[in-house]
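Chemist:
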Amino acid sequence: MDFDLSPDQKLLESTAAAFIRKESPVTRMRALREDSVGWTPEFWKKMADLGWLGLAFPESAGGFGGSFVDVALVIEQLGAGLVPEPFIPSLLAGTAILRAGSPAQHERFLPSLIAGDTSLAFAYAERGSRFDPTWVESTATREGSDYVLRGEKVFVENGQAADAIVVSARTSGGPGDADGISLFVLERGAPGLRVTPVKTMDGRRAAMIGLDGVRVSEASRLGPEGGAAGVLDEIVDLGAAAACAEGVGVMRTVLQMTVDYLRTREQFGVKIGTFQALQHRAVDMFVRTELARSTSIMASIRVADPDPVERRTAISAAKVELAIAGRFVTQQAIQLHGGIGITDEHDVGLYFKRMHVLNVVFGDEEHHLARFSAQPSFTRGIETTAS
Amino acid sequence: MDLSFTPEQSAFRDEVRAWLRTAMPAHIREKAAIDAHFEHDEIMEWHRILHRKGWVAPHWPAEWGGPGLDVARRFILTEELELAGAPALSPFGLSMVGPLLMQFGTEAQKKRFLPKILAGEEVWCQGYSEPNAGSDLASLKLRAEPDGNGSYVLNGQKTWTTYAQHADWIFVLTRTDPNAKKQAGISFFLADMKTPGITVRPTLTIGGTPAFCDTFFENAVVPAENLVGPLNGGWTLAKALLGHERTGIAAVGLSTRAIRRVKRIAATTLERGRPLLEHPGFRARIARLEIELTALKMANYRAIVSAQEGHAPGPESSILKIRGSEILQQCFVLAMEVMGHDSLSWFNEAGVIPGLEQWVASSFNYTRATTIYGGSNEIQRNVIAKLILNLPSA
Ligand SMILES: Cc1cc2nc3c(=O)[nH]c(=O)nc-3n(C[C@H](O)[C@H](O)[C@H](O)COP(=O)(O)OP(=O)(O)OC[C@H]3O[C@@H](n4cnc5c(N)ncnc54)[C@H](O)[C@@H]3O)c2cc1C
Ligand SMILES: Cc1cc2nc3c(=O)[nH]c(=O)nc-3n(C[C@H](O)[C@H](O)[C@H](O)COP(=O)(O)OP(=O)(O)OC[C@H]3O[C@@H](n4cnc5c(N)ncnc54)[C@H](O)[C@@H]3O)c2cc1C
Chain A
36 MDFDLSPDQK LLESTAAAFI RKESPVTRMR ALREDSVGWT PEFWKKMADL GWLGLAFPES
96 AGGFGGSFVD VALVIEQLGA GLVPEPFIPS LLAGTAILRA GSPAQHERFL PSLIAGDTSL
156 AFAYAERGSR FDPTWVESTA TREGSDYVLR GEKVFVENGQ AADAIVVSAR TSGGPGDADG
216 ISLFVLERGA PGLRVTPVKT MDGRRAAMIG LDGVRVSEAS RLGPEGGAAG VLDEIVDLGA
276 AAACAEGVGV MRTVLQMTVD YLRTREQFGV KIGTFQALQH RAVDMFVRTE LARSTSIMAS
336 IRVADPDPVE RRTAISAAKV ELAIAGRFVT QQAIQLHGGI GITDEHDVGL YFKRMHVLNV
396 VFGDEEHHLA RFSAQPSFTR GIETTAS
Chain B
409 MDLSFTPEQS AFRDEVRAWL RTAMPAHIRE KAAIDAHFEH DEIMEWHRIL HRKGWVAPHW
469 PAEWGGPGLD VARRFILTEE LELAGAPALS PFGLSMVGPL LMQFGTEAQK KRFLPKILAG
529 EEVWCQGYSE PNAGSDLASL KLRAEPDGNG SYVLNGQKTW TTYAQHADWI FVLTRTDPNA
589 KKQAGISFFL ADMKTPGITV RPTLTIGGTP AFCDTFFENA VVPAENLVGP LNGGWTLAKA
649 LLGHERTGIA AVGLSTRAIR RVKRIAATTL ERGRPLLEHP GFRARIARLE IELTALKMAN
709 YRAIVSAQEG HAPGPESSIL KIRGSEILQQ CFVLAMEVMG HDSLSWFNEA GVIPGLEQWV
769 ASSFNYTRAT TIYGGSNEIQ RNVIAKLILN LPSA
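First to last, the sequence lines map onto chains A and B.
The first sequence begins at 36 in this note's numbering and counts up one residue at a time.
The second sequence begins at 409 in this note's numbering and counts up one residue at a time.
(1) Just to confirm my understanding: we take Phe321 of chain A, look at its own chain, exclude 5 residues before and 5 after, and list those with CB closer than 7 Å. What are they?
(2) Taking a contact to mean a Cβ-Cβ separation below 9 Å, would you say Met286 of chain A touches Thr235 of chain A in this structure?
(3) In terms of DSSP beta bridges, what is Ile244 of chain A paired with?
(4) Please list the terminal residues of the continuous alpha helix (DSSP H) segment that includes Tyr709 of chain B.
(5) On a Cα-Cα basis, can you pick out the residue from B:Gly535, B:Lys519, B:Pro800 that is closest to Phe625 of chain B?
(6) Between A:Ser252, A:Gln112, A:Phe103, which has its C-alpha nearest Met29 of chain A's C-alpha?
(7) Along chain D, which residues have their Cβ under 7 Å away from the Cβ of Arg551 of chain B?
(8) What is the residue span of the beta strand (DSSP E) that Val561 of chain B lies within?
(9) Quick check: is the beta carbon of Trp754 of chain B nearer than 9 Å to any beta carbon in chain A?
(10) Would DSSP call Pro499 of chain B helix, strand or coil?
(11) With a floor of 4 residues, list each alpha helix (DSSP H) that falls wholly inside the region 308-393 of chain A, ordered by position along the chain.
(12) What do you reckon, is the C-beta of Trp577 of chain B under 8 Å from a heavy atom of ligand 2?
(13) From Lys306 of chain A to Leu545 of chain B, what distance separates their C-alpha atoms?
(14) Would you say Val118 of chain A reaches chain B, if we count a Cβ-Cβ gap shorter than 9 Å as a contact?
(15) So is Met236 of chain A in contact with chain B if we call contact Cβ pairs under 9 Å?
(16) What is the C-beta distance between Val630 of chain B and Thr603 of chain B, in whole angstroms, given that I count them as a contact (C-beta under 8 Å)?
(17) Can you list, in chain order, the residues of the region 772-795 of chain B whose Cβ is nearer than 9 Å to any Cβ on chain A?
(18) Counting only beta-carbon separations shorter than 9 Å, does Glu679 of chain B have a partner in chain A?
(19) Which of the three DSSP states is assigned to Tyr182 of chain A in this structure?
(20) Taking the Cβ atom as the reference point for each residue, do Ala115 of chain A and Gly374 of chain A lie within a distance shorter than 9 Å?
(21) Given this structure, state the Cα-to-Cα distance separating Ile55 of chain A from Thr664 of chain B, to the nearest angstrom.
(22) Suppose the cutoff is 6 Å on Cβ atoms and the five residues either side in sequence are ignored; what does the same chain contact list for Ser164 of chain A look like?
(23) Find the residues of chain A that neighbour Leu612 of chain B, judging by a C-beta separation of less than 9 Å, and give them in chain order.
(24) State yes or no: is the C-beta of Gly238 of chain A within less than 9 Å of the C-beta of Leu85 of chain A?
(25) Would you mind working out which of A:Gly248, A:Leu47, A:Ser147 sits nearest Lys80 of chain A, comparing C-alpha positions?
(26) Going by DSSP, what residue range makes up the beta strand (DSSP E) through Phe413 of chain A?
(27) I'd like the span of the beta strand (DSSP E) that includes Asn627 of chain B, first residue to last.
(28) Kindly examine ligand 2 and report whether one of its heavy atoms sits closer than 8 Å to the Cβ of Gln370 of chain A.
(29) DSSP state of Leu113 of chain A, grouped into three classes?
(30) Ligand 2 and Trp568 of chain B: does the residue's C-beta get closer than 8 Å to at least one heavy atom of that ligand?
(31) Less than 8 Å separating the Cβ of Pro533 of chain B from some heavy atom of ligand 2?
(32) Less than 6 Å between C-beta atoms, sequence neighbours within five positions excluded: which residues of the same chain meet that for Gly245 of chain A?
(33) So, does the CB of Leu126 of chain A fall closer than 9 Å to a CB anywhere in chain B?
(34) Using 8 Å as the cut-off, can you tell me whether the region 166-185 of chain A makes contact with the region 121-141 of chain A, which would need three or more C-beta pairs spanning the two stretches below that distance?
(35) Any beta carbon from chain A within less than 9 Å of Asp449 of chain B's own beta carbon?
(36) Report the neighbours of Phe690 of chain B on chain A: residues whose CB is nearer than 9 Å to its CB, in chain order.
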């Protein structure tokens, strides 16, 4: 095993950290809370110029052929700086197009994304689906050579601004069936595509996406009709792995913030960091952060594993660990800041809220616990000789 | 030992419930049903309704307009009000400075202030904490100096003053002898918020509401008759008041309601077409929390019975504060989990999520404060370690 970053990866990480510290301090995200889009094309372009938007895509598609470990390094820094640009939704939609799409579809969507001229969104969750990507009630009905899409997708990150949205819809079967799910890529402004922006609890924007009889041609379908479940599962797991990486950035930042505060805040004539009760709490925050980081690394590596069981157990483990650690670390960060931590003007609350969002998206703790224990690997090794 | 309430106590509970069914105006009832945040005016409206009924200050003696209920009935009344989701009244007058004045105030002070607190004509806030005096309250610096004309001049700053923007009066701890050792030079004053030189600046909380303020004093002149208790004897009052603040801190009614809300949301949230409430994993988690709340409730009852037998609430109240605050926080963590994607919404802007209990996210954020205010849980643990377990100091 080797957990060391290559020189290139180290450079990528330190460049990203320095760039975000300088160009996107948390004050920028704060100001964008009042903006109806929630991010800026200028910053998006800068991210493209640094090569980040092409990192996940092979050279054949105009990208830089990085691994997800590389991508996760960048995402962790985006988490550390609470950068609101739609990196993850664009990554997911772009990857869906890359995996399932035709060369023509690649050409249509990927170069402009990699150049930072467009952004994408990925819409899979529905009102009744909770975190199950196969629970698709939206339908895509064939009419001649067209499809007509009806249904609703909820909390679509960057749905408010995306130039195109990848959506799942059912071409056959019923909710919960793996067969019969298809993916479509819908362009902004398509008739019947209803975009209702919503403010999310972490101060960002997303959208509820209504499919009110959106008519598209076959050319909008990604991959074979009814065969999208596998890709969908992979993309949702990619989202979960990305959430883990971002969460590690969040945890590392609030840990540092808290340790700095314990070193400087005085009560009872001493620095509060001299109280052993608080030292041990800070240590537990550190321990939890390191463990979440470890499972996040595991998830980054396994997300590309061809064996779906290996992939799913690793992703689910990481997502559960993220939830436990992330909640603990951010809650304690507020607690140890005392009253100042309850104010909106202090950054620690912004990280706390972002952590909640990361815990929910792409499957919460309960969902991933259930999925982890449902994998065949869970009972492997306990077979008796009797049968 | 006996776990049941007496028939008289149960009859009283029925009476409260029956009254509550009709007492809340429709607009308050609607908000109560979804546990929405109440505006100051609505809280005061409810204050006056309770006042007319004679129930606004269950813990006040009849002499000062209290209903003369025994401890158990007071508890029942409070619990039923919480369970009904009635607006929580501002505690600063009714539960803090009111009882304190009864104990330490002059006759003139009692006559001047208590009736107006009861009637809701004057609203109070608490000026204890300062930027450098939080857990270490005794290091406070707000100065009160005699001006030679029988008044005191106040200079300095208080912080985290909850709802100071709505208050008519503030009670403040001030430093009146800078040379005495920390606790010895502190005095307790009452100040009219309209006094020239007193200004407030509301601050947004992470719950998205302006709940607390910075309060500034610049040459604010306060008459000597507003000193409560002896000059430089304020620390005794400060501690007595914190004792009052901690009664009811277990918030059993709030948590009971919060768990009901979790179940309500889980009953209407579907997972693979079935209500989440039927999901064994979630049921077990809700049950575990409910059982922890039951333990707290029983501990609370024990404390009440002990109080009824005439024992003053001691450091044991820290048990209620620690668990009460933690359980309330857990209720909101669970509510957010049950809500799934809906929990991502901030106030259900534009009403895009049908039936969404839109205040959950705000409360989830804000309840991080319950383990901090009123003496943080770390400080409560220090209290138990020292005063109950008799552990030595480092
Ligand atoms: C099963 C077992 C096998 C062992 N085998 C060996 C062996 O082979 N060889 C050998 O040499 N020893 C051995 N030990 C001894 C072991 O190393 C000691 O028990 C250990 O170092 C703790 O010392 P103590 O028992 O004196 O407890 P103490 O040091 O008195 O500690 C008591 C408690 O106070 C805590 N504490 C102490 N100091 C602090 C502090 N500064 N801050 C916070 N908390 C503190 C401790 O964590 C502990 O909880 C063994 C012990 C056990 C239980
Ligand atoms: C929502 C809210 C409303 C409030 N309303 C009011 C109000 O109306 N009036 C008012 O006067 N005040 C009010 N307060 C202030 C509150 O009482 C203080 O925030 C609290 O006492 C903690 O002080 P601090 O914020 O300065 O934190 P600090 O005292 O700086 O504490 C920071 C951290 O260190 C820990 N710590 C401190 N000392 C020790 C120790 N000895 N051992 C172990 N840990 C320790 C604390 O527990 C905390 O986790 C309010 C606070 C909040 C959050």
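Every residue, glycine too, gets a C-beta built ideally from N, C-alpha and C.
Modeler: From the atom records:
(1) Leu290
(2) no
(3) A:Lys188, A:Val230
(4) 688-716
(5) For Phe625 of chain B, the nearest C-alpha among the options comes from B:Gly535.
(6) Only positions 36 to 422 of chain A appear in the structure, and residue 29 of chain A is not among them; the question remains open.
(7) Looking at the structure shown, chain D is missing, and the protein chains on hand are A and B.
(8) 559-570
(9) yes
(10) helix
(11) 311-337, 343-372
(12) no
(13) 15 Å
(14) no
(15) yes
(16) 7 Å
(17) Phe772, Asn773, Tyr774, Arg776, Ala777, Thr779, Ile780, Tyr781, Ser784, Asn785, Glu786, Arg789, Asn790
(18) Yes, because at least one Cβ of chain A sits closer than 9 Å to the Cβ of Glu679 of chain B.
(19) strand
(20) no
(21) 45 Å
(22) Trp170
(23) Chain A residues near Leu612 of chain B: Thr378, Asp379, Glu380.
(24) For the 9 Å CB-CB criterion, Gly238 of chain A and Leu85 of chain A do not form a contact.
(25) Scanning A:Gly248, A:Leu47, A:Ser147 for the CA closest to the CA of Lys80 of chain A turns up A:Ser147.
(26) Careful: Phe413 of chain A lies outside any beta strand (DSSP E) and carries neither H nor E.
(27) 620-631
(28) yes
(29) helix
(30) yes
(31) A quick correction: the sequence has Cys, not Pro, at residue 533 of chain B. In terms of side-chain proximity, the C-beta atom of Cys533 of chain B is found nearer than 8 Å to a non-hydrogen atom of ligand 2.
(32) If we look at Gly245 of chain A and ignore the five residues flanking it on each side, its Cβ neighbours are Glu187, Arg229.
(33) no
(34) no
(35) no
(36) Glu401
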